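Position in the sequence shown (first residue = 1) + 72 = the numbering used here. Yeah, the Cβ is synthetic: ideal placement off N, Cα and C, and Gly gets one too. Small disclaimer: the values here were computed from a predicted structure and weren't measured.
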Amino acid sequence: MSGNGSKRTGAGARAGQAGTGKKRGLRQSVGELRPSQFLFTYGVGAIVDLPYLSVLVMGLEDWESTLPYGRPDGLAYIYEERLLQSVRAVLGPQVERLQALPSVAEENGPANPFDPSKLIGIPVTPFPRWLLCPACRTLASIKSGLFELRTDPFHPDRARYVHTHCPRRGKPPTALPARFLMACHNGHLDDFPWHYYVHQGKPCPYARFRLIEIGVSGEAADVQVRCDECGIQKPMSEAFDSEAAKHLPPCPGRHPHLRQREDCNETPRAILLGASNSWFPLLLSTLAVPEVRDPLEQLVIQHWTLLSKVTSQEGVTLLKSIGQLAGSLEAYEDGQIWEVVARRRREQEEEAEAGESKYGRPSLLKVPEWRVLSQPQSVLDADDFRLKPVAVPDGYADILERVVLVERLREVQAMIGFTRIEAPDELLDLSASSPQSKPERVRLSRQGPRWVPAIEVRGEGIFLQLREEPLRAWEERLIGSAYTGDFIKAHCDWRRRHSLLADPATFPGLRYVLLHSLAHALIRQLTLECGYGAASLRERIYALGPEDEDGPMAGILLYTAAPDSEGTLGGLVSLGEPVQLGRHLRAALEHMQICTSDPLCAEHRALGDGSLHQAACHACLFLPETSCERGNKYLDRSLLVPTIVPERARLAFFGELFPELVMGQ
Numbered sequence: 073m074s075g076n077g078s079k080r081t082g083a084g085a086r087a088g089q090a091g092t093g094k095k096r097g098l099r100q101s102v103g104e105l106r107p108s109q110f111l112f113t114y115g116v117g118a119i120v121d122l123p124y125l126s127v128l129v130m131g132l133e134d135w136e137s138t139l140p141y142g143r144p145d146g147l148a149y150i151y152e153e154r155l156l157q158s159v160r161a162v163l164g165p166q167v168e169r170l171q172a173l174p175s176v177a178e179e180n181g182p183a184n185p186f187d188p189s190k191l192i193g194i195p196v197t198p199f200p201r202w203l204l205c206p207a208c209r210t211l212a213s214i215k216s217g218l219f220e221l222r223t224d225p226f227h228p229d230r231a232r233y234v235h236t237h238c239p240r241r242g243k244p245p246t247a248l249p250a251r252f253l254m255a256c257h258n259g260h261l262d263d264f265p266w267h268y269y270v271h272q273g274k275p276c277p278y279a280r281f282r283l284i285e286i287g288v289s290g291e292a293a294d295v296q297v298r299c300d301e302c303g304i305q306k307p308m309s310e311a312f313d314s315e316a317a318k319h320l321p322p323c324p325g326r327h328p329h330l331r332q333r334e335d336c337n338e339t340p341r342a343i344l345l346g347a348s349n350s351w352f353p354l355l356l357s358t359l360a361v362p363e364v365r366d367p368l369e370q371l372v373i374q375h376w377t378l379l380s381k382v383t384s385q386e387g388v389t390l391l392k393s394i395g396q397l398a399g400s401l402e403a404y405e406d407g408q409i410w411e412v413v414a415r416r417r418r419e420q421e422e423e424a425e426a427g428e429s430k431y432g433r434p435s436l437l438k439v440p441e442w443r444v445l446s447q448p449q450s451v452l453d454a455d456d457f458r459l460k461p462v463a464v465p466d467g468y469a470d471i472l473e474r475v476v477l478v479e480r481l482r483e484v485q486a487m488i489g490f491t492r493i494e495a496p497d498e499l500l501d502l503s504a505s506s507p508q509s510k511p512e513r514v515r516l517s518r519q520g521p522r523w524v525p526a527i528e529v530r531g532e533g534i535f536l537q538l539r540e541e542p543l544r545a546w547e548e549r550l551i552g553s554a555y556t557g558d559f560i561k562a563h564c565d566w567r568r569r570h571s572l573l574a575d576p577a578t579f580p581g582l583r584y585v586l587l588h589s590l591a592h593a594l595i596r597q598l599t600l601e602c603g604y605g606a607a608s609l610r611e612r613i614y615a616l617g618p619e620d621e622d623g624p625m626a627g628i629l630l631y632t633a634a635p636d637s638e639g640t641l642g643g644l645v646s647l648g649e650p651v652q653l654g655r656h657l658r659a660a661l662e663h664m665q666i667c668t669s670d671p672l673c674a675e676h677r678a679l680g681d682g683s684l685h686q687a688a689c690h691a692c693l694f695l696p697e698t699s700c701e702r703g704n705k706y707l708d709r710s711l712l713v714p715t716i717v718p719e720r721a722r723l724a725f726f727g728e729l730f731p732e733l734v735m736g737q
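Below, the structure written as structure tokens:
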């Protein structure tokens, strides 16, 4: 991480740091990342575009010297026991904590680049390691000695590699990262194999490459690579055609973020720098919901990261004396706090002896959330969780059991890995015990991680619970129908093509498709007035049948959240009041009757075209990827209201309850 210009880029409350310099003590801030950007776009193993450099975020072992341990703002860790136990179920019992992203406080004046406190950040390294001179088109590795790192401690964003011996006159031009890479389904990533591709394995010890643009489109068909030593010239289009495997070497099995190589039998493929399929995060998330009635026990849970280390009442007294338990806990006696701590430790030890924790599987993360949201009267208000039940809108009492305004919530998200080439499927397939886990989950560290990066966001939401009786009657009407059979078959075909277990039991059910479609319809409608864009709203679907272990569940939570400690401004919650919500529900359903892509959208069938949605498209139901928990799969607006396809009218859940929608009145 030195000598070749290793960098550091950080992500925190709103900014991140990157450092430049050949010496270990000369690293300063360069780039800025928001927490959500790290988790969804630029996490471990992802490539980040800095002003003049392209860098790769390194594995967790390289983070140790950049983490803000012991900081007074308490950002060194995030406590959420249920999420931590689910992370352990996937990554192993050695995971100790959820680690907040490193960050530094904002400064009013000019920053001192030599301040040791500025060494906080996320470690990265230049990648790809091949650079291109835009003037003479020379293509060479950083190790070739043709490129020199230029840095400015007072303007670290100007850090760049320059081609010092460029034959063109003028000052040395800034080198650009080569835009061709190689990756495989097992998550391996490497520089493009220029030597092998041009010479097809034949030796050329003094090869000198040049990348030539023969057109203006920038496409691979208009780019050729030439070896000036032997004169061989080859178009880059051959690396992307149907027979590309003939021109590429076997996958070298490299994980550059871990500095590791391993055996790999996958066929690699060429990808472009910045391609959207080069990195897909694997995340677990949960809402921090209160699960106990005792206010003291709830406070102990909130401070458990500190209190779990206490072994006696004297330890509680010590934490109080040094100000680590300031706030609500000061109102309680040390003996009372220790009694709750001791009881909670005994419960955890009993769970460990019994084997799996009650929250050990990621699929169980939503169960406590459902219990709290569906029984708001039994929940104590907390600093980060506050509910307000309101009346069901007029005309919807037959289908809505309850409406709950979530005036304040906290969501914690943790990264457990990533994939390349193909996006991950459902959360259930991420379990380490699943033999059908494809694509391969790439590790965050060389050894079993002791911690994983996580963020917490605060916001607001609206929870809707459907009545079980009409929902069950609707499901029974469709059981055994051709529509249900075709959807299940499309589901199995899709999973089979993606090397997943093609079991009909993995189909989420029509209950889920209905709730998922309703959530999308409402999000698209609420964005017109709530003050947030569609990408800022998210969904959590609670869908289990009466036959399921933790069922029945039938509800949706639509929420928005921000990393600010104060959360959001209430624009979404205000639309959950009975009059407002009734108006938006009606408008959302009416908009689902007709799509601008009809009749193609209304007549679309998942079976046969490789998709996992029926009557849904970008014009009517699709949402940004950050909003949807299933990647815009399992959607069908014909399950909500009748569309222009008469034979699907009987599918509509709201059709019988609102017959005027059928008549278009």
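According to the neighbour-count rule (16 or more other Cβ atoms, all chains shown, within 10 Å of its Cβ), is residue i buried or exposed?
| i | result |
| --- | --- |
| Asp134 | buried |
| Gly517 | Sequence inspection shows Ser at residue 517; the Gly mentioned does not correspond to that position. Ser517 should be labelled buried. |
| Ile150 | buried |
| Lys438 | buried |
| Glu152 | buried |
| Thr383 | exposed |
| Ile595 | buried |
| Lys381 | exposed |
| Ser509 | With a pLDDT of only 44 at Ser509, under 50, the local geometry of the prediction cannot be trusted, and no value is derived from it. |
| Ile551 | exposed |
| Gln332 | exposed |
| Gly531 | buried |
| Asp366 | exposed |
| Gln157 | buried |
| Asn337 | exposed |
Given a cut-off of 8 Å on the beta-carbon distance, is the pair residue i and residue j in contact?
| i | j | result |
| --- | --- | --- |
| Asp558 | Leu679 | yes |
| Leu445 | Val476 | yes |
| Arg722 | His588 | no |
| Val484 | Ala634 | no |
| Pro353 | Phe457 | no |
| Glu547 | Leu582 | yes |
| Pro321 | Pro265 | yes |
| Gly627 | Tyr614 | yes |
| Phe252 | Leu344 | yes |
Relative to the C-alpha of residue i, which candidate in the options has its C-alpha closest?
| i | options | result |
| --- | --- | --- |
| Val451 | Leu283, Glu419 and Glu363 | Glu363 |
| Leu459 | Leu538, His257, Leu629 and Cys302 | Leu629 |
| Thr632 | Gly623, Glu422 and Gly603 | Gly603 |
| His329 | Arg241, Asp670, Gly682 and Tyr114 | Tyr114 |
| Ala172 | Ala316, Phe110, Pro198 and Met130 | Phe110 |
| Glu301 | Pro244, Tyr278 and Ala292 | Tyr278 |
| Gly117 | Val127, Pro123 and Arg209 | Val127 |
| Glu697 | Arg658, Leu653 and Arg610 | Arg610 |
| Thr715 | Ala606, Pro324, Leu644 and Ser669 | Ser669 |
| Arg515 | Leu125, Gly131 and Arg106 | Gly131 |
| Val297 | Thr197, Leu283, Ser309 and Ser289 | Leu283 |
| Pro671 | Asp681, Gln686, Arg160 and Arg658 | Gln686 |
| Pro174 | Ala526, Leu647 and Ala606 | Ala526 |
| Gln665 | Leu573, Arg720 and Arg568 | Arg720 |
| Leu356 | Gly467, Glu528 and Pro340 | Glu528 |
Which residue marks the beginning of the alpha helix (DSSP H) containing residue i, and which one marks its end?
| i | result |
| --- | --- |
| Phe112 | Pro107 to Phe112 |
| Met389 | According to the sequence as given, residue 389 is Thr; it is not Met. That run of the alpha helix (DSSP H) goes Gln385 to Ser393. |
| Val159 | Glu153 to Leu163 |
| Cys564 | Ala554 to Arg569 |
| Gln43 | Only positions 73 to 737 of the chain appear in this structure, which leaves residue 43 out of reach. |
| Val270 | Trp266 to His271 |
| Val717 | Here Val717 belongs to no alpha helix (DSSP H), and DSSP marks it neither H nor E. |
| Leu211 | Unbroken run through Leu211 is the beta strand (DSSP E), Thr210 to Ser213; no alpha helix (DSSP H). |
| Pro367 | Pro367 to Gln374 |
Would the C-beta of residue i count as close to the ligand GDP, meaning under 7 Å from any of its heavy atoms?
| i | result |
| --- | --- |
| Tyr555 | Only the bare structure without any ligand can be found here, which leaves the ligand GDP out of the picture. |
According to DSSP, which residues form a beta bridge with residue i?
| i | result |
| --- | --- |
| Thr632 | Glu532 and Leu609 |
| Met487 | Leu355 |
| Asp262 | Met254 |
| Pro461 | Val476 |
| Gly627 | Gln537 and Tyr614 |
| Pro525 | Gln171 |
Taking only beta-carbon atoms, is residue i less than 8 Å away from chain D?
| i | result |
| --- | --- |
| Pro123 | As a matter of chain content, chain D is missing from the structure shown, which is built from one protein chain. |
Could you spell out where the beta strand (DSSP E) holding residue i opens and where it closes?
| i | result |
| --- | --- |
| Arg741 | A query on residue 741 cannot be resolved here, the shown segment of the chain reaching from 73 to 737 and no further. |
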